[in-house]
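Student: This structure is in structure tokens; I'll ask about it shortly.
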Amino acid sequence: MRASGQLRMAPGAVIGIDLAAALRLGEALGYDAHALAELLPAGEAGLVKALNERIRSDDLP
Numbered sequence: 001m002r003a004s005g006q007l008r009m010a011p012g013a014v015i016g017i018d019l020a021a022a023l024r025l026g027e028a029l030g031y032d033a034h035a036l037a038e039l040l041p042a043g044e045a046g047l048v049k050a051l052n053e054r055i056r057s058d059d060l061p
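Residues in the sequence shown are numbered consecutively from 1, following our numbering.
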């Protein structure tokens, strides 16, 4: 993930991505800004959910 350095973190959890940085990165790579603006929030929600589930499962004994 090219924007992996743009994760917004809280202690023990991922709370989102820097959408402004992700939009700029996508535009620099030639992707349509309008499509990115529509799709990134849903992608962010799925990513946050999956990463937090992974974090919680790794914390189990």
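Glycine is no exception: its CB is placed at the ideal position from the N, C-alpha and C atoms.
1. By a C-beta neighbour count over all protein chains shown, 10 Å radius and 16 as the cutoff for buried, is Glu44 buried or exposed?
2. So if DSSP puts Arg8 in a beta bridge, which residue, or which two residues, is it bridged to?
3. Do you know how far the Cα of Ala37 is from the Cα of Arg8?
Tutor: With the given structure in hand:
1. Position 44 of the sequence shown, counting from 1, holds the residue named residue 44. It counts as buried.
2. Counted from its first residue, the sequence shown places residue 8 at position 8. Looking at the DSSP output, Arg8 shares a beta bridge with Gly16.
3. Taking the sequence shown and counting its residues from 1, one reaches residue 8 at position 8. Taking the sequence shown and counting its residues from 1, one reaches residue 37 at position 37. Taking the straight line from one Cα to the other gives about 18 Å.
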